[in-house]
Amino acid sequence: GPLQYKMVAIGKPILAKPDLPHDEALRVLTAELIARFEQVIRMAPEQYLWIHRRFRGIPLPADVEP
Numbered sequence: 001g002p003l004q005y006k007m008v009a010i011g012k013p014i015l016a017k018p019d020l021p022h023d024e025a026l027r028v029l030t031a032e033l034i035a036r037f038e039q040v041i042r043m044a045p046e047q048y049l050w051i052h053r054r055f056r057g058i059p060l061p062a063d064v065e066p
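Counting along the sequence shown from 1, when you hit position 44 you're at 44 in the UniProt record's numbering, and nothing is skipped either side.
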């Protein structure tokens, strides 16, 4: 029916690396999560829809129109 979806796990769980500094561990986790999103989206890109502004916290350069 309408608005139904299913979630699937792709690969192993994404775990933090305790030997890395916090900022680096966060960067590595984020990169892995984005890679997983990309993997799923590439399987059916016509079904991809991102509802919110994902990068709203990143300031734009002064010469770029928002």
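Cβ atoms here follow ideal geometry from the backbone N, Cα and C, with glycine treated the same way.
Using a Cβ distance threshold of 8 Å, Glu38 and Ile14 do not count as a contacting pair.
Lys17 and Val28 do touch by the CB rule: their CB atoms are close to 6 Å apart, below 8 Å. Between the alpha carbons of Asp19 and Pro2 lies a gap of roughly 45 Å. Secondary structure at Pro45: helix, using DSSP grouped into helix, strand and coil.
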